[in-house]
Every structure is written in structure tokens, then in C-alpha cells.
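Convert by adding 967 to the 1-based position in the sequence shown; the result is the number in the numbering used here. Okay, so here's the structure we're looking at.
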Amino acid sequence: MNRLQQIAEQFTGLGSDPQISPLGNGLINDTYLVTSNNGSRFVLQGLNGRVFPEPERVIANLQRLNRHIGSQRAADVHLQIPVMLPTLEGSASYRDDSGQVWRALQLIEPAESREHISNSAEASQVGFALAHFHKLCANLPATELHDTLPGFHITPSYFETYRQRLAQPLQVIVDAAFNQCRDFIDRMQQQIPVLEHAKQRGELRERVIHGDPKLNNFLFEPGSDRIVSLIDLDTVKPGLVHYDIGDCLRSCCHNPSNNEFDLARCQTILESYLQEAGEFFTANDYDYLYPAIWLIPFELGLRFFSDYLDGNQYFKVSTPRQNLERAQALFDLCGSIERQKGDLQQLLAKRTG
């Protein structure tokens, strides 16, 4: 019996020799689909200990989220949140011989993830689903969740890490692509602390956030434009909803063929988000929408470039220069957002007027 089968059999009485196959294309955790002999299926996930040094806190957050969502009227909940499955011994997780922590999650089905938005109805559903998740969590005090990723989305901290790595003897070639990324970061560094300064001034406050609302974490009903679930909840934690909005728009509005930002799609997603958010979204929240739309793609590009300098220790890569190429694409996307700043601000002004 192989290692994965031994781990899978710790959960839910599967019997012997379950079928296991990779699931999804996440860059952090090890995720698998497990099918038992009787046809029952669930998601098995090994948490990345380098990213989540205290994985039990990740699991505790999801348990708290499950209890909170479960306490609300079923008629008011329009998203399925995956339930954690216990081990045979009744624990929420299993630690293998190497020390890695594993958990099992309900498989939401029938459902499918999508890598690209193909119509405005899908885009509208993304905006609704993200706002609905934020509304469901609005009365869950952020202080009741662990900060499982200290420093996550704190752009000035990522910038300081980048500066430290740049000051070390470089293990990469200083070529045109390297210079392009370094020069872009230098030009934009004055904009880096905008959200953190707003938080420090009390203009923005921390709430419960998803932390990674990229498109393929929204599950659609097959053959439909309707979203039925929001998954990959490892990064649920206290934070600014602007982190989620910026990251969602980065994922959904980035045209990878030319690294342009799709303004029309952004408008559709934002209009749907703001309609569902209602009074949950304050005047100050509106004021920092544009900075978030620009900053979060920049932040991810900064992280990719820093990881490239560090020998690709954090993000999974298939080639040594993949993180550099990812950074270039995101900095190009930031340039496209900047060029459309006036149009974006007009769009947002209409929503606040």
C-alpha cells in the first residue's frame, strides 16, 4: 500500500485500496480526489508546512467557519462551504510519519471549476458569490479566527523581504527581464503602503476574508452560470475585504494573451459585488477600491519576483524562470490598470454617486 492510500484510509472508513488522483492546480498544498470502493468521494489535502507552520490553526479556522455558516438560516445561505470529515479516531486532521498534516473535506458535487470566464453571467455570479461570502461572515468577529499567515497581503512587508533578497549575492542572471521587474518595483514603491496606512488610520477595518478568491476557487453548477460553492479555505483569516476584491479581479480580469485588464468584466463583477454587499460596504471601503485593484496584482508580482530571487522556495514551478515570467505578466497587468485609471475611477464614482 502506498503512502497516500495509508493516509486516505485514516478518514471515514473507506475500506482498503481507495482510488486516488491529483485534484486542481494549486501552487501551495497537495490536493487529491479520493474514491472509495463503494463510490463515495472526498477531497484529501496535505497542508504545506512551509507556508502554514501551524496547520492546526488552519483547521481550527475552518471548523469555526463551518459552525458560523451552519448557525444561519438555510434560506439565507446561497453557497455550500465544504464540511471537514473526521478521522476514524474522531480527529479533525491526521499527521503522517513525516510530520505533514492532512485533512479530508466534503467534495461539492455536482460542481466544476473554470479557468476562464466566458460570459457576463459568469462574471456577475463571481461578484455576487464573493460579496455573499463576505456578508455571511460579516457578523463573525475576525478576532475569533487565527491569523494563519502573519503578514499575508501586507504589501510593505513583502517589499522589505524583496529588498533584503536583492541585497544578497544574486543567484540569478541579471538580464533584461530582471531589470524590467526591478525597475517597475522601484517606480511604484510609493504606492505600496496605501492599504496598510488606511488600516492604521482606522479608515479600513479587518473582517473575515477568504484570502485566495481566484476564479478556479468558485465552483459552478455544471451546464449553468450559477456558482454553488467557494472552496480552498486555507487562507480564511482576518484581513481587509479589499485584498479579496483585488485578488478576485486580478484573476478574473487578466487577459493572459496580452496582460491587459478587462475593464468591462471588472465593471460587471464589481456591480454585482456591490449590489449584494449593500450597507456592508462603507464609504471608506469605496474610497480604496481603485488602490486595491492595482495593488494586489502588484503584490503578487512582487512575491513571484522575490521567490525567483530566493530560488523558487515558495511557489511551485515547472521551470527555473517561471516565477520571473509570472512577475513580468503581473507587472504588465498593473500597467494596463494604470492606463485605465480614469475609466475605473469614473466607474466607481457612478457607484457612489
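Quick reminder that beta carbons are idealized off the backbone N, C-alpha and C, glycines included. Computed from a predicted structure; not experimentally measured.
First and last residue of the uninterrupted beta strand (DSSP E) at residue i
i: Arg1008; result: Arg1008 to Gly1013
i: Gln1092; result: No beta strand (DSSP E) holds Gln1092; the alpha helix (DSSP H) holding it covers Ser1087 to Leu1103.
i: Gln1073; result: Val1068 to Gln1073
Cα-Cα separation between residue i and residue j, rounded to whole angstroms
i: Leu990; j: Leu1197; result: 16 angstroms
i: Arg1168; j: Asp1254; result: 14 angstroms
i: Thr1295; j: Glu1305; result: Per the sequence shown, residue 1295 should be read as Gln rather than Thr. Looking at the two C-alpha atoms, the distance is approximately 15 angstroms.
i: Leu1162; j: Ala1259; result: 7 angstroms
i: Thr1110; j: Arg1031; result: 12 angstroms
i: Asp1142; j: Met1155; result: 20 angstroms
i: Leu1103; j: Ala1144; result: 43 angstroms
i: Pro1117; j: Ala1231; result: 34 angstroms
i: Cys1240; j: Ser1091; result: At residue 1240 the sequence reads Tyr, which differs from the Cys that was named. Spanning the two alpha carbons is a distance of roughly 8 angstroms.
i: Val1068; j: Arg1024; result: 11 angstroms
i: Asp1229; j: Asn1184; result: 20 angstroms
i: Pro1053; j: Gly1302; result: 47 angstroms
i: Val1050; j: Gly1066; result: 24 angstroms
i: Val1203; j: Asn1226; result: 28 angstroms
i: Gln1157; j: Ile1263; result: 15 angstroms
i: Asn1146; j: Asp1153; result: 10 angstroms
i: Phe978; j: Gly1006; result: 15 angstroms
i: Arg1070; j: Gln1313; result: 45 angstroms
i: Asp997; j: Val1018; result: 12 angstroms
i: Gln1131; j: Gln1047; result: 42 angstroms
i: Ser988; j: Asn1004; result: 14 angstroms
i: Leu1326; j: Pro1223; result: Residue numbering for the chain in the displayed model covers 968 to 1320; residue 1326 lies beyond these limits and cannot be assessed.
i: Gly1094; j: Arg1034; result: 24 angstroms
i: Ala1134; j: Leu971; result: 41 angstroms
i: His1177; j: Gln1138; result: 35 angstroms
i: Ile995; j: Arg1293; result: 16 angstroms
i: Lys1283; j: Glu1238; result: 34 angstroms
i: His1101; j: Val1208; result: 8 angstroms
i: Thr999; j: Arg1008; result: For clarity, residue 999 is Tyr in the given sequence; the question names Thr instead. About 10 angstroms.
i: Asp1299; j: Trp1261; result: 11 angstroms
i: Phe1187; j: Ser1080; result: 6 angstroms
i: Val1045; j: Cys1220; result: With the sequence shown as reference, residue 1045 is identified as His, and Val is not the correct amino acid for it. If I take the Cα positions, the gap works out to 24 angstroms.
i: Gly1272; j: Phe1265; result: Sequence check: residue 1272 is Phe here, not Gly. The alpha-carbon atoms of Phe1272 and Phe1265 are separated by roughly 10 angstroms.
i: Gln1307; j: Leu1297; result: 15 angstroms
i: Tyr1257; j: Ala1096; result: 20 angstroms
i: Pro985; j: Asp1064; result: 20 angstroms
i: Thr1122; j: Lys1166; result: 13 angstroms
Those residues which DSSP pairs with residue i across a bridge
i: His1221; result: Phe1228
i: Glu988; result: Residue identity differs from the one stated: residue 988 is Ser in this sequence, not Glu. Its beta-bridge partners are Leu1000.
i: Ile967; result: Given a span of 968 to 1320 for the chain in the structure shown, any question on residue 967 remains unanswerable.
i: Leu1204; result: Residue identity differs from the one stated: residue 1204 is Lys in this sequence, not Leu. Ile1176.
i: Phe1187; result: Glu1079 and Ile1194
i: Thr1054; result: Phe978
i: Gln1047; result: Ser1196
i: Tyr1061; result: Trp1069
Residue burial classification, residue i (beta-carbon count within 10 angstroms, cutoff 16)
i: Glu1056; result: exposed
i: Glu1243; result: buried
i: Glu1127; result: exposed
i: Pro1205; result: buried
i: Gln973; result: exposed
i: Ala1098; result: buried
i: Asn969; result: exposed
i: Pro1180; result: buried
i: Ile1140; result: exposed
i: Gly1320; result: Since pLDDT at Gly1320 reaches only 48, below the 50 mark, its modelled position is unreliable, and no value is offered.
i: Asp1150; result: exposed
i: Asp1274; result: buried
i: Glu976; result: buried
i: Glu1089; result: buried
i: His1120; result: buried
i: Gln1280; result: exposed
i: Ala1105; result: exposed
i: Ala1316; result: exposed
Delimiting residues of the alpha helix (DSSP H) encompassing residue i
i: Ala1296; result: Gln1289 to Arg1306
i: Leu1267; result: Leu1256 to Leu1276
i: Glu1023; result: Pro1022 to Gly1037
i: Pro1117; result: From DSSP, Pro1117 is part of no alpha helix (DSSP H); its letter is neither H nor E.
i: Phe1126; result: Thr1122 to Ala1134
i: Leu1182; result: Run containing Leu1182: none; DSSP gives neither H nor E here.
i: Glu1163; result: Val1161 to Gln1167
Check: residue i C-beta below 8 angstroms from any heavy atom of the ligand MG
i: Leu1314; result: Ligands are entirely absent from the displayed structure, and the ligand MG is therefore not among its contents.
> Are three or more beta carbon pairs between the region 1239–1257 and the region 1283–1292 nearer than 8 angstroms?
Replying inline: Verdict: no, contact absent.
>> I want to know whether the region 1068–1078 touches the region 1188–1202 - three or more CB-CB distances under 8 angstroms.
In response: By the criterion of at least three beta-carbon pairs nearer than 8 angstroms, the region 1068–1078 is in contact with the region 1188–1202.
> Counting pairs of Cβ atoms below 8 angstroms between the region 1060–1069 and the region 1011–1025, do you hit three or more?
Replying inline: As far as the Cβ criterion goes, the region 1060–1069 touches the region 1011–1025, which means the pair count is three or higher.
> Below 8 angstroms, can you find three or more Cβ-Cβ pairs linking the region 1034–1046 to the region 1213–1226?
Replying inline: Because the criterion of three Cβ pairs below 8 angstroms is not met, the region 1034–1046 and the region 1213–1226 do not touch.
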